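Engineer: Let me begin by handing over the structure; questions about it come next.
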Amino acid sequence: MKKSFMLRVKNVFSFSVLALVLLFALRSETALGQALINPTTWTGSGTSAIGPSTFTSLPATTTPGSSAVNVSQWNRAGSLGNTATASCFNTNNWQVGGSLAIAQASNSYIFFSVSTDASTEVIIDSIVLESQVAASGPADVQLMYNLGGADIAFGSAVTVTAFATPVTLTFIPSSPLHLCASVAATFKLYGWGAASAIGTLRINNNSLISARYMSPVAVATIAGPTNVCAGAAITLTNDSTGGTWTTADATVATVNSLTGLVTGVTAGTTNITYSISNSCGIATDIASITVNPAPGTPAAIAGITTVCTGFSTTLSNAVPGGTWTTDAAGIASVNAFGQVTGITAGTANISYTISNSCGSNSVSATVTVNATPAVATISGSTVVCETATITLTNDSTGGAWSTADATIASVNS
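Residue numbers (numbering that gives the first Met the number 0): 0 to 412.
As structure tokens, this is what we get:
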């Protein structure tokens with residue numbers, strides 16, 4: 000059996016911030032083993048006049064087992080700037096009025112990134128931001144993510160209704176975001192509707208991350224027989240649950256996609272595959288299955304089925320390769336060529352069988368063995384005059400008399 004797979008690790012983690020609460024609630028697409036990871040905090044002064052935030056302790060690398068999920072500092076893009084120093088990440092110069100499309104066109108946003116290593120996958124269900132917006136700051140915000148192409152909305156836009164006080168901005172996408180191994184997602188927070196360019200939006204310090212490590216998606220080795228007869232069935236199993244069974248050639252063998260029941264169709268060899276997949280790839284194991292042919296079906300036995308003791312008759316079958324047998328060797332014997340010899344009076348079943356590793360098929364014929372008649376010695380004179388008569392006798396009754404040449408002598412039967 001050969002195995003091919005993409006190694007995958009799923010991490011489930013949540014971020015919560017004092018002023019920014021990042022909640023990455025991740026889940027596995029397949030029921031796998033989990034291990035909790037001790038939480039770490041994102042603390043310290045976060046404001047910088049230019050460049051990324053300056054949190055002195057951040058959840059930049061969470062290490063579940065031997066795999067890593069990396070979270071960056073916050074940063075500004077476009078014309079966004081900084082107005083004050085505090086234990087937060089502070090920005091101003093947001094889009095005055097406008098819309099999301101206008102904000103995107105201005106290419107001004109704050110952002111952070113989440114990346115995975117070569118053996119890590121994450122599924123992000125929600126992101127919750129605790130933020131504080133000035134009265135003149137952006138009244139509407141939208142979180143987007145980017146995987147290298149166009150921006151994609153992560154949940155719906157949020158309208159800020161309470162200014163100059165901490166507010167919670169919750170973003171839940173219609174479908175969770177699945178980050179595959181060696182992938183980075185940039186999360187962009189756009190804002191628009193500000194009353195003036197000096198209106199601020201800030202993200203404070205103290206972020207909490209908790210995580211769960213998920214075992215790699217893998218497929219165990221397929222177990223079960225590797226040979227099946229045409230018309231028969233075997234069951235293959237795999238200790239990895241949630242997968243699907245497929246066959247490479249349904250003319251040779253079919254397989255039930257859920258149960259692994261393999262049915263032989265015609266003689267040959269085919270690969271049966273067990274697969275577990277998600278949006279990041281597929282893990283498979285393959286078993287080579289040989290289908291052996293069913294035994295041939297013999298034709299009807301031909302030949303004379305009556306024989307006398309001490310004499311033979313030959314039976315035949317149009318399908319070659321079979322074996323002859325008798326069920327009463329004391330009455331009639333049979334050799335490999337179908338020659339039946341009568342031994343004693345009675346009946347015997349003579350069978351012709353075609354067999355292989357998948358079974359046998361037989362036909363039978365009943366042979367009747369008759370006793371060969373026995374006659375005692377003829378008694379009487381063996382000389383007779385022309386036109387005269389003599390009488391011959393025999394102790395064996397029930398017989399018939401005959402002459403070899405009626406022109407010389409006749410006999411009453």
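No residue lacks a Cβ here, since even glycine has one placed at the ideal position from N, Cα and C. Since we're looking at a predicted model, the values are computed, not measured.
May I ask you to list the residues that DSSP assigns as paired with Phe111?
Structural biologist: Phe186
Engineer: Take the Cβ of Gly136 as the centre, count every other Cβ of all protein chains shown within 10 Å, and call the residue buried at 16 or more, exposed below.
Structural biologist: buried
Engineer: Taking just the CA atoms, how far does Ile123 sit from Ala100?
Structural biologist: 25 Å
Engineer: Excluding the 5 residues flanking Thr371 on each side, which residues of the same chain have their C-beta closer than 6 Å to its C-beta?
Structural biologist: Cys307, Thr308, Gly309
Engineer: Output the residue ranges of the beta strand (DSSP E) runs that lie fully inside the segment 231–303 and measure 3 residues or longer, sorted by chain position.
Structural biologist: 232–234, 243–246, 252–254, 260–263, 267–277, 280–291
Engineer: Measuring only between beta-carbons, confirm whether Val368 sits less than 8 Å from chain C.
Structural biologist: In summary, chain C is missing from the structure at hand, where a single protein chain is found.
Engineer: Rounded to whole angstroms, what's the CA-CA distance from Leu19 to Ser130? Just pull it up for me.
Structural biologist: In this prediction, Leu19 has a pLDDT of 36, which is less than 50 and means its spatial position is unreliable; what the coordinates show is noted afterwards. Each residue's Cα considered, the two are about 6 Å apart.
Engineer: Any idea if Ile109 is buried or exposed, counting beta-carbon neighbours within 10 angstroms, 16 or more meaning buried?
Structural biologist: buried
Engineer: Shortest alpha-carbon distance to Val95 belongs to which of Ala252, Ala299, Gly192?
Structural biologist: Gly192
Engineer: For the beta strand (DSSP E) containing Ser363, name the first residue and the last one.
Structural biologist: 358–369
Engineer: Kindly indicate which three-state DSSP category Leu99 falls into: helix, strand or coil?
Structural biologist: Helix at Leu99.
Engineer: Please classify Trp93 as buried or exposed, where buried requires at least 16 other C-beta atoms within 10 Å of its C-beta.
Structural biologist: Under a 10 Å Cβ-count criterion, Trp93 is classified as buried, with 16 or more other Cβ atoms of the shown protein chains found around its own Cβ.
Engineer: Would you kindly work out how many angstroms separate the C-alpha atoms of Phe170 and Tyr144, rounded to a whole number?
Structural biologist: 11 Å
Engineer: How big is the Cα-Cα spacing for Ala249 and Ser311?
Structural biologist: 50 Å
Engineer: So Pro165 is in the beta strand (DSSP E); what residue range does that whole segment cover?
Structural biologist: 165–170
Engineer: With 16 as the cutoff for other CB atoms within 10 Å, does Asn74 come out buried or exposed?
Structural biologist: buried
Engineer: For a test of the three-state rule: what should DSSP assign to Ala328, helix, strand or coil?
Structural biologist: coil
Engineer: With a threshold of 6 Å on Cβ separation, who are the neighbours of Leu391 within its own chain once the five nearest residues in sequence on each side are excluded?
Structural biologist: Ile377, Gly379
Engineer: Over what stretch of residues does the beta strand (DSSP E) that includes Asp139 continue unbroken?
Structural biologist: Run containing Asp139: 139–145, per the beta strand (DSSP E) assignment.
Engineer: On the DSSP letters alone, give me the boundaries of the beta strand (DSSP E) that Ser354 sits inside.
Structural biologist: 345–355
Engineer: Applying the 10 Å Cβ sphere with the 16-neighbour rule, what's the burial state of Pro224?
Structural biologist: Sixteen is the threshold: since fewer than 16 other Cβ atoms of the shown chains lie within 10 Å of the Cβ of Pro224, the residue is exposed.
Engineer: Between the C-alpha atoms of Gly148 and Gln141, what's the straight-line distance to the nearest angstrom?
Structural biologist: 18 Å
Engineer: In three-state terms, what does DSSP make of Ser311?
Structural biologist: strand
Engineer: If we ignore side chains and look at the alpha-carbon of each, how far apart do Ser332 and Thr246 end up?
Structural biologist: 49 Å
Engineer: Helix, strand or coil, according to DSSP, for Ser130 in the structure here?
Structural biologist: strand
Engineer: Shortest alpha-carbon distance to Ser105 belongs to which of Leu79, Ser112, Ser118?
Structural biologist: Measuring from the Cα of Ser105, the nearest candidate turns out to be Leu79.
Engineer: Looking only at C-alpha atoms, which of Ile407, Ser363, Ile126 sits nearest to Thr346?
Structural biologist: Ser363
Engineer: Does the beta-carbon distance from Asn369 to Thr305 come in below 8 Å?
Structural biologist: yes
Engineer: Output needed for Trp400: all residues of its chain with C-beta closer than 6 Å, excluding positions within five of it in sequence on either side, in chain order.
Structural biologist: Excluding positions up to five away in sequence, the list reads Val410, Ser412.
Engineer: Keeping to the same chain, check which residues put their C-beta closer than 6 Å to that of Phe111; ignore five residues upstream and five downstream.
Structural biologist: Ser71, Trp73, Phe186
Engineer: Inspect the beta-carbon positions of Thr296 and Asn360 and report whether they are closer than 8 Å.
Structural biologist: yes
Engineer: In terms of residue numbering, what span does the beta strand (DSSP E) encompassing Leu178 cover?
Structural biologist: Under the DSSP assignment, Leu178 falls in the beta strand (DSSP E) whose first and last residues are 176–178.
Engineer: Helix, strand or coil for Ala104, going by three-state DSSP, please let me know.
Structural biologist: helix
Engineer: What is the DSSP secondary structure of Ser378, counted as helix, strand or coil?
Structural biologist: strand
Engineer: Could you check the C-alpha separation between Asp394 and Asp404 for me, to the nearest Å?
Structural biologist: 24 Å
Engineer: So, helix, strand or coil for Gly341, using DSSP?
Structural biologist: Three-state result, Gly341: strand.
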